[in-house]
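Below: one structure, written as structure tokens.
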Amino acid sequence: MKITIYGSGYVGLVTGACLADVGHHVLCVDIDEEKISNLKNGVIPIYEPGLEEIIKQCVSDGHIAFTTNIEKAVAYADVQFIAVGTPPDEDGSADLQYVLAVAKSIARHMDRPKIVIDKSTVPVGTAEKVTAEMSKTLKQRNVSIDFDVCSNPEFLKEGSAIADFMKPDRIVVGTSNPETEVAMRELYEPFNRSHDRMVFMDVPSAELTKYAANSLLATKISFMNEISNLAELLGADIENVRRGIGSDSRIGFQFIYPGCGYGGSCFPKDVQALARTADSVGYDAQLLNAVEDVNNRQKYILPGRIKQHFGEDLSGKIFAAWGLSFKPETDDMREASSRVTIEELLQAGAKVQVFDPVAMDECRRIFGEREGITYFDEKHAATKGADALVIHTEWKTFRVPDFERLADELGTKVIFDGRNLYDPEMLKQQGWTYFAIGRGDSIINRDAS
0 MKITIYGSGY VGLVTGACLA DVGHHVLCVD IDEEKISNLK NGVIPIYEPG LEEIIKQCVS
60 DGHIAFTTNI EKAVAYADVQ FIAVGTPPDE DGSADLQYVL AVAKSIARHM DRPKIVIDKS
120 TVPVGTAEKV TAEMSKTLKQ RNVSIDFDVC SNPEFLKEGS AIADFMKPDR IVVGTSNPET
180 EVAMRELYEP FNRSHDRMVF MDVPSAELTK YAANSLLATK ISFMNEISNL AELLGADIEN
240 VRRGIGSDSR IGFQFIYPGC GYGGSCFPKD VQALARTADS VGYDAQLLNA VEDVNNRQKY
300 ILPGRIKQHF GEDLSGKIFA AWGLSFKPET DDMREASSRV TIEELLQAGA KVQVFDPVAM
360 DECRRIFGER EGITYFDEKH AATKGADALV IHTEWKTFRV PDFERLADEL GTKVIFDGRN
420 LYDPEMLKQQ GWTYFAIGRG DSIINRDAS
């Protein structure tokens, strides 16, 4: 099949690469001329394991191409994916201006029937808005051309997106059109061979499914963070609690790891957007609002503990920060807890020496050459001369450090661990002061907000 994908960001590139890898012919479109030029030259704008290799191979095979030419993109294929960004608006709702702009462009240039697929994460009712925008534009052209708009939300985890797409748990499609269902089955047939993973439903249900899934996972994280804070006050160990409840098959172990808050491009944005959607229909989504509130508070746990230990005025103090991305195997720092910690430390007069295996360029883009922050390309270079180590991301390279070497490099044997990587008892025996999340002996910042 020939496929056009509008938006060459995370979702668009992964979708395009995986569809091209199984033999479809894909044209990726973006209005960013520099991005398209780089993609043509094999420069991938995001870090995702395996993505660069697939794109280079598919370019070589002639299965994927890149363009800024909208008219060419519309003419290229009868199947048109919309995978542009839906950033939070001022009130937290999803901003649909880019989605609707693509819809208008398709209708302006189309000369034959199209299937338009909403791949972007969009609120319930977006397909109706896309349909209305396209119908209005076609009417202005004084032409009548059939088209159908369906919902096909993505369920990709950053760091494992290729595997998620190639071997999906489910492929959700919202449509009431039998012809669209046939086309979508053909499109996804290479990923649907061992058993039928396709779940067809009405469009509003498909749109809500994506938000419900991410909001439920975010709820599990915030719930565990809430319990971890309570565990510290009660003298319990959240790791024991986690094993105790995770052993229940009804609960499971996924997404019940306490930490310094979730981030990224999905959970924060989607929880907010679903809560604003609830507001728009007059429903007070108390749980969704609480999930967001707990997460925002959790991001201040580490800087709060640092100030409790060293004092509110951190002038003259130096902190090593290991891990900047919101999770391992990505360079994405959107809504990352590291950004809150770094900002709080700099505001308190401290200096911060930062390291991340892949997010250094992104960190430089965010903080620039701001006074007080120093960038290092090796983890031990960042710890030399620091007063304490702060961990935000559970990269594998941080899991089994040489603690003797760390003790020599740090001014004091103090670790603030936002991901519970180490054994508190072992570190205590070695003379370390170790602050983890919900491990009983750690100090909770009751005033963090």
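The sequence shown begins at 0 in numbering that gives the first Met the number 0 and counts up by one. The beta-carbon is built from N, C-alpha and C at its ideal position, and this holds for glycine as well. Owing to the predicted nature of the structure, the values given are computational and were not obtained by experimental measurement.
Task: Cys57 at chain B interface by Cβ criterion, 7 Å - done: Judged by its chain identifiers, the structure shown contains no chain B, having just a single protein chain.
- [ ] Leaving aside the five residues before and after Asp236 along the sequence, list all residues of the same chain whose C-beta is less than 6 Å from its C-beta, in chain order.
- [x] For this step, residue 236 is matched to residue 237 along the sequence shown. Contacts found: Arg438 and Gly439.
Open item on the list: In this structure, how does DSSP classify Asp147 when only helix, strand and coil are distinguished?
Closed with: Position 148 of the sequence shown, counting from 1, holds the residue named residue 147. Assignment of Asp147 by DSSP, reduced to helix, strand and coil, places it in the strand class.
- [ ] Report buried or exposed for Gly6, applying the criterion of at least 16 other Cβ atoms within 10 angstroms of its Cβ.
- [x] Here residue 6 is taken as the residue at index 7 of the sequence shown, counted from 1. Gly6 should be labelled buried.
Open item on the list: What does the Cβ neighbour count give for Ala126, buried or exposed, with the cut at 16 atoms within 10 Å?
Closed with: For the purposes of this step, residue 126 is taken as the residue at position 127 of the sequence shown. Taking a 10 Å sphere around the C-beta of Ala126, we find 16 or more other C-beta atoms and assign the residue as buried.
- [ ] Figure out for me which residue from Ser150, Asn239, Ile144 and Thr411 has the closest Cα to the Cα of Gly384.
- [x] In the sequence shown, the residue the question calls residue 384 occupies position 385. With respect to the C-alpha of Gly384, the residue from Ser150, Asn239, Ile144 and Thr411 having the closest C-alpha is Thr411.
Open item on the list: Would the region 248-259 count as touching the region 48-67 if we require 3 or more Cβ pairs under 8 Å?
Closed with: Between the region 248-259 and the region 48-67, the count of Cβ pairs shorter than 8 Å is below three; the stretches do not touch.
Open item on the list: On the DSSP letters alone, give me the boundaries of the alpha helix (DSSP H) that Tyr75 sits inside.
Closed with: For the purposes of this step, residue 75 is identified with residue 76 of the sequence shown, where counting begins at 1. That run of the alpha helix (DSSP H) goes Ile69 to Tyr75.
Task: Where Gly263 falls: helix, strand or coil (DSSP) - done: Within the sequence shown, the letter at position 264 stands for residue 263. The answer is coil: DSSP assigns Gly263 none of H, G, I, E or B.
Task: Local conformation of Pro87 per DSSP, three classes - done: Counting from one through the sequence shown, the residue named residue 87 turns up at place 88. Assigned with DSSP and collapsed to three states, Pro87 falls in strand.
Task: Reduced DSSP category for Lys113 - H, G, I as helix; E, B as strand; rest coil - done: Against the sequence shown, residue 113 aligns to sequence position 114. Note: Lys113 maps to strand in three-state DSSP.
TODO: Express the C-alpha separation of Asn40 and Thr218 in angstroms, rounding to a whole number.
DONE: On the sequence shown, position 219 is the one that residue 218 refers to. On the sequence shown, position 41 is the one that residue 40 refers to. Cα to Cα, Thr218 sits roughly 41 Å from Asn40.
Open item on the list: Please report the distance separating the alpha-carbon of Ile436 from that of Glu393.
Closed with: Within the sequence shown, numbered from 1, the residue matching residue 436 stands at position 437. Within the sequence shown, numbered from 1, the residue matching residue 393 stands at position 394. C-alpha separation (whole angstroms): 13 Å.
TODO: Give the secondary structure of Gly22 by DSSP, where H, G and I count as helix, E and B as strand, and everything else as coil.
DONE: For this step, residue 22 is matched to residue 23 along the sequence shown. Gly22 falls in the coil class under three-state DSSP.
Task: Residue range of the unbroken beta strand (DSSP E) whose run includes Gly173 - done: Locating residue 173 in the sequence shown gives position 174, counting from the first residue. Boundaries of the beta strand (DSSP E) harbouring Gly173: Ile170 to Gly173, taken from the DSSP string.
Task: Backbone secondary structure at Gln253 - three-state DSSP - done: Within the sequence shown, the letter at position 254 stands for residue 253. DSSP, read as helix, strand or coil, puts Gln253 in coil.
Task: Start-to-end residues for the beta strand (DSSP E) that takes in Met197 - done: Taking the sequence shown and counting its residues from 1, the one referred to as residue 197 is at position 198. Looking at the DSSP string, the run of the beta strand (DSSP E) that includes Met197 is Met197 to Met200.
Open item on the list: Taking 7 Å as the threshold (C-beta atoms), are Glu132 and Ala102 in contact?
Closed with: For this step, residue 102 is matched to residue 103 along the sequence shown. For this step, residue 132 is matched to residue 133 along the sequence shown. In contact: Ala102 and Glu132 (Cβ atoms closer than 7 Å).
Task: Proximity of Asp145 and Pro122 at Cβ, strictly below 7 Å - done: Here residue 145 refers to the residue found at position 146 when the sequence shown is read from its first residue. Here residue 122 refers to the residue found at position 123 when the sequence shown is read from its first residue. No, these two residues do not count as a Cβ contact at 7 Å.
Task: Whole-angstrom distance between Lys71 and His108, CA atom to CA atom - done: If you number the sequence shown from 1, residue 108 lands on position 109. If you number the sequence shown from 1, residue 71 lands on position 72. About 9 Å.
Task: Contact test: Val280 Cβ vs the ligand ADP heavy atom, cutoff 6 Å - done: As for the ligand ADP, it is missing from this structure, which has no ligand bound.
Open item on the list: Going by DSSP in three states, Ala235 sits in which element: helix, strand or coil?
Closed with: Position 236 of the sequence shown, counted from the first residue, corresponds to residue 235. It is coil, neither helix nor strand.
- [ ] Identify every residue that forms a DSSP beta bridge with Tyr374.
- [x] Walking along the sequence shown from the start, residue 374 turns up at place 375. According to DSSP, Tyr374 shares a beta bridge with Val353.
Open item on the list: Using a Cβ distance threshold of 8 Å, determine whether the region 203-223 contacts the region 176-184, with at least three qualifying pairs required.
Closed with: As far as the Cβ criterion goes, the region 203-223 does not touch the region 176-184, which means the pair count is below three.
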